[in-house]
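The structure appears right after this line, and notes come after that.
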Amino acid sequence: MSLSQIQSQISKAAQTADRASANINLLAVSKVQPLDRVVSVLNQGHRLFGENRVQEAQERWTDLFPQYDGISVHLIGPLQTNKIKLALDLFDAIHSIDRPKLAAKLASEIQTRGTSPELFIQINTGEEPQKAGCLPGDADAFIADCRAMDLQISGLMVIPPIDQEPSLHFALLRKIAERNGLSGLSMGMSADFERAIALGATHIRVGSAIFGQRIPATGV
Ligand SMILES: *Cc1c(COP(=O)(O)O)cnc(C)c1O
0 MSLSQIQSQI SKAAQTADRA SANINLLAVS KVQPLDRVVS VLNQGHRLFG
50 ENRVQEAQER WTDLFPQYDG ISVHLIGPLQ TNKIKLALDL FDAIHSIDRP
100 KLAAKLASEI QTRGTSPELF IQINTGEEPQ KAGCLPGDAD AFIADCRAMD
150 LQISGLMVIP PIDQEPSLHF ALLRKIAERN GLSGLSMGMS ADFERAIALG
200 ATHIRVGSAI FGQRIPATGV
């Protein structure tokens, strides 16, 4: 599929859901993709990207930032506390806040800098032991804790279990967001972004459907 095909699918899904497609941000997930595919998407005018490793993002985007105006890269993968400074240098948004220690260190560095990226809390809606994210039962308290640290939280992010209907997880994420007054919903990937849009996604993260299969193929 191509970028323009994805964009028209987004418009169609938005229309069906009676939503404005301007409220749906498409993150082109460029992790592990060869540079020529990323450059091709940049040359088609797209400027919003998602990366899941801080180091890999730094290597790629440090060279590309000066070459194109208006690039915005979001971190959608795990953040180690020793990479916070680098992450704040690189990313306009962090989608993977999932634990108190990370939140506290982020809060302190954001205070020092006086500017904050957009922040999302990752929720492990499937309660999968191997997966990052705050458990649904801990979410309300964790959101309150983040706010008490003066972190401006924009929304929530989810990666549903691979073997379950994602809509159930999108709906749960939305419910947690609504009861906490959060409007951002980072949900939906190549296989299910239309269902995510139907349930209110504001940020969809689409990799392989835009760029082709990752080489080497990696899990999420
Ligand atoms: C890789 C990745 C995606 C994109 O996955 P595709 O199935 O290729 O669209 C989305 N979100 C996260 C967190 C990822 O790591």
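Heads up: the sequence shown at position 112 corresponds to 111 in numbering that gives the first Met the number 0, and the numbers run straight through without jumps. The C-beta atom is built at its ideal place from N, Cα and C for all residues, glycine as well.
Does the Cβ of Gly76 lie closer than 7 Å to at least one heavy atom of ligand 1?
For ligand 1, at least one heavy atom lies less than 7 Å from the Cβ of Gly76.
Using 7 Å as the cut-off, classify the Cβ of Asn42 as near or not near the heavy atoms of ligand 1, replying yes or no.
No, ligand 1 has no heavy atom inside 7 Å of this Cβ.
Would you say the beta carbon of Gly125 comes nearer than 7 Å to a heavy atom of ligand 1?
For ligand 1, not one heavy atom lies less than 7 Å from the Cβ of Gly125.
Any idea if Lys100 is buried or exposed, counting beta-carbon neighbours within 10 angstroms, 16 or more meaning buried?
Exposed is the call here.
Would you kindly check if the distance between the Cβ of Asn51 and the Cβ of Lys84 is under 8 Å?
Taking 8 Å as the Cβ cut-off, Lys84 and Asn51 do not qualify as a contacting pair.
Looking at C-beta atoms only, is the number of pairs between the region 2-21 and the region 170-183 that lie closer than 8 Å three or more?
As far as the Cβ criterion goes, the region 2-21 does not touch the region 170-183, which means the pair count is below three.
So, using beta-carbon positions, are Ala56 and Val72 closer together than 8 Å?
Their beta carbons are under 8 Å apart, which means Ala56 touches Val72 by this criterion.
Where does Ser3 fall in DSSP's three states?
Residue state, collapsed to three classes: helix.
So, is Ile209 buried or exposed, given that buried needs 16 or more other C-beta atoms within 10 angstroms?
So Ile209 ends up on the buried side.
Anyone know if the C-beta pair for Val40 and Ala27 falls short of 8 Å?
Against a cut-off of 8 Å, the Cβ pair of Ala27 and Val40 comes out as a contact.
Apart from the five residues just before and just after Lys130, which ones in its own chain have a Cβ nearer than 6 Å to its Cβ?
Excluding positions up to five away in sequence, the list reads Asn123.
Beta-carbon within less than 8 Å of His244's beta-carbon, same chain only, minus the 5 sequence neighbours each way: which residues are those?
Limits of the chain in this structure are 0 at one end and 219 at the other, which puts residue 244 out of reach.
Would you mind sorting Ala12 into buried or exposed? The rule is 16 or more other CB atoms within 10 Å of its CB.
The residue in question, Ala12, is buried, as its Cβ has 16 or more Cβ neighbours within 10 Å.
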